[in-house]
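Colleague:
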Amino acid sequence: MKHAYLTDLVKSVERRNPHEDEFLQAVREVMESLEPVAERRPDLIEAGVFDRIVEPERAISFRVSWVNDSGKVEVNRGYRVQFNSAIGPYKGGLRLHPSVNLSIIKFLGFEQILKNSLTTLPMGGAKGGSDFDPKGKSDGEVMRFCQSFMTELEKHIGQFTDVPAGDIGVGGREIGYMYGQYKRIRNETAGVLTGKGLPFGGSLVRTEATGYGLCYFTREMLASRGLSFKDKTVVISGSGNVAIYAAEKAAQLGAKVVALSDSGGYIHDPAGIKLDVVKQIKELERGRIAEYSKRVAGSSYHKNCSGIWTVKCDIALPSATQNELDLESAKILVKNGVAAVAEGANMPTCPEAVAWFLDHQVLFGPAKAANAGGVATSGLEMSQNSLRLSWTFAEVDERLDEIMTGIYHAASKAAAEYGKAGNLVTGANIAGFLKVAEAMKAQGIAY
Ligand code: NDP
């Protein structure tokens, strides 16, 4: 990084947040791409916007105690980091995974500010979660955890304050339990969580939104080089919510998806993944992806999950977790002729791998732009809750498509305007940042 002010700022963030590797990685990456803005907009430096945006407005950490099926008391740690409310109520998912810590929640909350801004909807940035591991827990245990979690969280959220959603480990079941507890405590029906069940205020398309949105974004990116999904081979890591619906939309757009994974390994089906089998295993049975190769002839299972990037493909959609695609994997993908990589997960591509793709003219869609479809549809769920209306699947899907198309063009335009044509990492950061920065400057320096 060359800009003196931003270099000092990053050093101070490093000093003040030791051991928060994921958060520091995100701050470095964003600040680096904002260098052209800092050069052109001294007024934003004067208003302290860069210094303020890297500090959460509020970071809450709390105890979550619950009783397991054997009657033993378990204790987990809950978090909600309310990062920035300049353009609307805090909005961002809740993650339940043993790896959750303050650094991960801060990295996700920070990224969420810019992502939410890109959607053009009025939503600030936040993230939350807990180190609770839902894997292997009974339904009753998950319910008791969620109720205990919400008993504290409800003090900090509200439909005009902070509207959490799902993320890794938090799907419709968990949102339902949390929403039930919120209602029990507050005695009010309000759109305080998104990703709710359809009978109680949920939006159609929310389940499909991130995966579908990822493909709409990728479609636009491909079109910029006269390409499309038609007859392309696609590899998607993960086999959770994002991966499954990215696979569904990619197939609808004419591509063949040949590999999916989970944290245990990956499956390869050269004939094209049968999504009904995947949905049965992952959504209904909550099983492991390895099961697929036992049920589908001609497919194979391989134990090393990062080996998925050795499968030859035209389009790669990393949709599992952070830092899952490293430089070595990027080199293999490029060697195998990949034309486009778009991030379904948050920060799945290591910085050196991103640089490799950009240096080798691979189209690259960064997470905050490419996977914004989930939060965009959450924003549409908030709108429907406020209107007391439910839109049809086609209506929501059409708005999602418009938003994702708009995000691609906003990022592409900002990149070109700031001398980085074709670099969507820089473009997305700049486009997302400018709107929040103007709002922060206009609202004065109160927090
Ligand atoms: P899910 O919990 O539904 O699925 C996560 C998937 O990733 C699972 O298949 C999981 O496998 C796999 N996985 C986890 N760790 C690894 C690993 N180290 N290597 C390979 N696979 C792994 O989560 P989502 O699909 O909702 O989220 C995936 C990513 O997308 C996350 O980064 C999330 O933040 C991001 N995202 C999600 C949005 C959404 O709307 N759901 C919106 C925007 C971003 P296993 O079962 O073995 O753990």
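If you're matching positions, the sequence shown starts at 26 in my numbering and goes up one per residue. Even glycine gets a Cβ: it sits at the ideal position worked out from N, Cα and C.
Let me confirm a value: Ala-296 is counted as buried when at least 16 other C-beta atoms fall within 10 Å, else exposed. Which label applies?
Modeller: Exposed is the call here.
Colleague: Given this structure, state the Cα-to-Cα distance separating Ser-95 from Lys-162, to the nearest angstrom.
Modeller: Spanning the two alpha carbons is a distance of roughly 12 Å.
Colleague: Examine ligand 1 and report whether any of its heavy atoms sits within less than 8 Å of the Cβ of Lys-307.
Modeller: Indeed, a heavy atom of ligand 1 lies less than 8 Å from the Cβ.
Colleague: Determine, using beta carbons only, whether Lys-152 and Ile-130 come nearer to each other than 9 Å.
Modeller: Their beta carbons are under 9 Å apart, which means Lys-152 touches Ile-130 by this criterion.
Colleague: When the Cα atoms are used, what is the spatial distance from Gly-150 to Phe-418?
Modeller: C-alpha separation (whole angstroms): 26 Å.
Colleague: Between which two residues does the alpha helix (DSSP H) carrying Glu-177 extend?
Modeller: Here the alpha helix (DSSP H) through Glu-177 covers 164-178.
Colleague: Would you kindly work out how many angstroms separate the C-alpha atoms of Val-379 and Ala-440, rounded to a whole number?
Modeller: In a straight line, the C-alpha of Val-379 is about 16 Å away from that of Ala-440.
Colleague: DSSP beta-bridge partners for Pro-147?
Modeller: Beta-bridge pairing links Pro-147 to no other residue.
Colleague: How long is the line joining the alpha carbons of Leu-358 and Cys-338, rounded to whole angstroms?
Modeller: Rounded to the nearest angstrom, the two C-alpha atoms are 8 Å apart.
Colleague: Nearer than 8 Å: is that true of the beta carbon of Ile-298 relative to any heavy atom of ligand 1?
Modeller: Because no heavy atom of ligand 1 lies under 8 Å away, the Cβ of Ile-298 does not count as near it: no.
Colleague: Any idea what DSSP makes of Asn-410, helix, strand or coil?
Modeller: Helix.
Colleague: Can Asn-371 be considered in contact with ligand 1, in the sense that its beta carbon sits closer than 8 Å to one or more heavy atoms?
Modeller: Yes, the beta carbon of Asn-371 sits closer than 8 Å to at least one heavy atom of ligand 1.
Colleague: Judging by CA-CA distance, which residue of Gly-323, Leu-146, Ala-367 and Asp-187 is the nearest neighbour of Phe-254?
Modeller: Comparing Cα-Cα distances from Phe-254 to each of Gly-323, Leu-146, Ala-367 and Asp-187, the minimum goes to Ala-367.
Colleague: Which first and last residues belong to the beta strand (DSSP E) in which Ala-365 is found?
Modeller: That run of the beta strand (DSSP E) goes 365-367.
Colleague: Considering only residues of the same chain and omitting the five flanking positions on each side of Gly-323, which have a CB-CB separation below 8 Å?
Modeller: For Gly-323, where only same-chain residues beyond five positions count, the Cβ hits under 8 Å are Asp-294, Pro-295 and Ala-296.
Colleague: Starting from Asn-109, follow the beta strand (DSSP E) in both directions and report where the run begins and ends.
Modeller: Looking at the DSSP string, the run of the beta strand (DSSP E) that includes Asn-109 is 98-109.
Colleague: Skipping 5 residues on each side, what residues in its chain have a beta carbon closer than 7 Å to that of Pro-81?
Modeller: Counting only Cβ-Cβ distances below 7 Å, and skipping sequence neighbours, we find Val-106, Gln-107, Phe-108, Lys-131 and Gly-134.
Colleague: So, are the CB atoms of Glu-179 and Arg-231 less than 9 Å apart?
Modeller: Contact: no.
Colleague: Just checking my contact of His-28 with Ala-63 at CB under 8 Å: how many whole Å lie between their CB atoms?
Modeller: Yes, they are in contact, since the Cβ atoms of His-28 and Ala-63 sit about 5 Å apart, within 8 Å.
Colleague: Give, in chain order, every unbroken run of the alpha helix (DSSP H) that is at least 4 residues long and sits entirely within the region 256-288.
Modeller: The region 256-288 contains these whole alpha helix (DSSP H) runs: 266-277.
Colleague: Assuming Ala-401 and Leu-146 make a contact with CB atoms under 8 Å, what is their CB distance in whole Å?
Modeller: The Cβ separation is near 6 Å, so the contact holds.
Colleague: Quick one: residues in its chain with C-beta nearer than 8 Å to the C-beta of Lys-460, no 5 flanking neighbours on either side, listed in chain order?
Modeller: The answer, listed in chain order, is Ile-112 and Ser-142.
Colleague: By the 10 Å Cβ neighbour count, where 16 or more other Cβ atoms means buried, how is Asp-164 classified, buried or exposed?
Modeller: Exposed, by the Cβ-count rule.
Colleague: Measuring from the CB of Asn-454, is there a heavy atom of ligand 1 at a distance below 8 Å?
Modeller: No; taking the cut-off as 8 Å, the Cβ of Asn-454 has no heavy atom of ligand 1 nearer than that.
Colleague: In the DSSP assignment, the beta strand (DSSP E) including Val-188 goes from what residue to what residue?
Modeller: Run containing Val-188: 187-191, per the beta strand (DSSP E) assignment.
Colleague: Could you check which residue in Glu-349, Phe-382, Gln-386 and Ala-446 has the C-alpha nearest to that of Glu-47?
Modeller: Looking at the Cα atoms, Glu-349 is the closest of the given residues.
Colleague: Quick check: the region 374-388 against the region 178-194, are there 3 or more CB pairs under 8 Å?
Modeller: Taking 8 Å as the limit for Cβ pairs, the verdict is that the region 178-194 does not touch the region 374-388.
Colleague: Taking only heavy atoms of ligand 1 into account, decide whether any of them is closer than 8 Å to the Cβ of Ser-354.
Modeller: No, since every heavy atom of ligand 1 falls outside the 8 Å radius drawn around the Cβ of Ser-354.
Colleague: If distances are taken between C-alpha atoms only, which option among Gly-369, Ser-325 and Val-167 comes closest to Gly-236?
Modeller: Measuring from the Cα of Gly-236, the nearest candidate turns out to be Gly-369.
Colleague: What is the DSSP secondary structure of Thr-219, counted as helix, strand or coil?
Modeller: Of the three classes helix, strand and coil, the one that applies to Thr-219 here is coil, per DSSP.
Colleague: Name the DSSP bridge partner or partners of Pro-343?
Modeller: Looking at the DSSP assignment, Pro-343 forms a beta bridge with Ser-262.
Colleague: So, helix, strand or coil for Ala-84, using DSSP?
Modeller: The answer is strand: DSSP assigns Ala-84 an E or B state.
Colleague: What residues in its chain sit with their C-beta under 6 Å from that of Ile-193, if we drop five residues either side in the sequence?
Modeller: Only Arg-120 and His-122 meet the Cβ criterion.
Colleague: Taking the continuous alpha helix (DSSP H) assigned at Arg-250, which residues delimit it?
Modeller: That residue, Arg-250, is in no alpha helix (DSSP H); it is neither H nor E in DSSP.
Colleague: May I ask you to verify whether the region 264-278 touches the region 244-254, counting CB pairs closer than 8 Å and requiring at least 3?
Modeller: They touch, by the three-pair rule.
Colleague: Can you say whether Gly-457 is buried or exposed, counting buried as having 16 or more other CB atoms within 10 angstroms of its CB?
Modeller: Under this definition Gly-457 is a buried residue.
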